[in-house]
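**Student:** Numbering (my numbering), first residue to last: 287 to 520.
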């Protein structure tokens, strides 16, 4: 860790150092594909599918933040979207690429920390995040919002699936201060509808709701212990 703070980037790096290094953790997390992990299913989020089927989003340029094994990127590519998918875990991207190749899909998978990802101004019609944001530390939220504001086209859309505060799948209800006192996100931060609206106040909220439970036979991922949000850039 640097001894002196000279600029904002130094401050972010210092605060990062209070928490675990994420890449090795996620590489290990995705290394055992046979584990019983809900998000390992190769099926898209039910809320994402609803945005497409209701015509809220139509084929265009998409960015997925924290794509993991690629289940949502694969669905979007199958629907005719042009997809850039970013993740810091090389292990998860290898899995995602295998899945995409099995379906003869072209997806631009990018091995990067999202905070190192530089996109063109207003490049994307739609940005989606399923499971990345709740692993973002409080001091990185403004940087995350900057990615959305910079990358999204005017009147473009942003969709998110994250932990519901106190949910059974995760969603710790600790305060931002406690994150640094404990040196941990406690498995992932939980959010409420009100808090999600406040964080993304620069965007117009269209729908914020709990996810709808789905059975495996429906070929959709849905768990009511997660929170979903759909926003439009003003």
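We treat Cβ as the ideally placed atom computed from N, Cα and C, and that holds for glycine. Source: prediction; values computed, not measured.
1) In terms of residue numbering, what span does the alpha helix (DSSP H) encompassing residue 310 cover?
2) Looking at C-alpha atoms only, which residue of 393, 416, 440 is the closest neighbour of residue 514?
3) DSSP state of residue 514, grouped into three classes?
4) Cα-Cα, which of 423, 434, 328 is closest to residue 461?
5) Taking the alpha-carbon positions, what's the residue 288 to residue 296 distance?
6) Report the residue from 469, 497, 381 whose alpha carbon sits nearest the alpha carbon of residue 453.
7) When DSSP labels each residue in this structure, what does residue 420 get in the three-state scheme?
8) Tell me the DSSP secondary structure of residue 425 in three-state form.
9) Taking just the CA atoms, how far does residue 351 sit from residue 399?
10) Under the three-state reduction of DSSP, which class applies to residue 305: helix, strand or coil?
11) Between which two residues does the alpha helix (DSSP H) containing residue 331 stretch?
12) Restricting to Cα atoms, I'd like to know which of 483, 359, 504 is closest to residue 346.
13) Any contact between the segment 369-378 and the segment 307-316? By contact I mean 3 or more CB pairs, one from each, below 8 Å.
14) Please tell me whether residue 477 and residue 451 are closer than 7 Å, where the distance is taken between their beta carbons.
15) What is the DSSP secondary structure of residue 484, reduced to helix, strand or coil?
16) Please look up how many angstroms separate the CB atoms of residue 348 and residue 369, rounded, as I've assumed it's under 8 Å.
17) DSSP three-state label for residue 321, please.
18) By how many angstroms is the C-alpha of residue 371 removed from the C-alpha of residue 293?
19) Confirm, please, whether the CB-CB distance from residue 421 to residue 301 is below 7 Å.
20) Should residue 383 and residue 395 be called a contact, given that it needs their Cβ atoms to be closer than 7 Å?
21) Tell me which residues share the same chain as residue 335 and place their Cβ nearer than 8 Å to its Cβ, disregarding the 5 neighbours each side in the sequence.
**Tutor:** Considering the structure as presented:
1) Counting along the chain, the unbroken alpha helix (DSSP H) around residue 310 starts and ends at 308-315.
2) Here the closest residue by C-alpha is 416.
3) Here residue 514 carries a strand assignment [DSSP, helix/strand/coil].
4) Checked all of 423, 434, 328; the closest Cα to residue 461 is 423.
5) Note on residue 288: pLDDT 48, under 50, position unreliable in the model; the coordinate value appears next. Take the alpha-carbon of residue 288 and the one of residue 296: they are about 8 Å apart.
6) Selected option, being the one with the closest Cα: 497.
7) Helix.
8) The answer is helix: DSSP assigns residue 425 an H, G or I state.
9) So the two alpha carbons sit approximately 9 Å from each other.
10) The answer is coil: DSSP assigns residue 305 none of H, G, I, E or B.
11) Residue 331 -> no alpha helix (DSSP H), and no H or E assigned at all.
12) Per the C-alpha coordinates, the member of 483, 359, 504 positioned closest to residue 346 is 359.
13) The segment 369-378 is in contact with the segment 307-316.
14) Yes, Cβ-Cβ distance for residue 477 and residue 451 is below 7 Å.
15) Three-state DSSP puts residue 484 in a helix.
16) Between residue 369 and residue 348 the Cβ distance is about 5 Å, and since that is below 8 Å, they are a contact.
17) In the structure shown, residue 321 sits in coil (DSSP, three-state: anything other than H, G, I, E or B).
18) Between the alpha carbons of residue 293 and residue 371 lies a gap of roughly 30 Å.
19) Cβ distance not < 7 Å, so residue 301 and residue 421 don't count as in contact.
20) Yes, the Cβ-Cβ distance between residue 383 and residue 395 is below 7 Å.
21) Excluding residues within five positions, the ones whose Cβ falls inside 8 Å are 361, 506.
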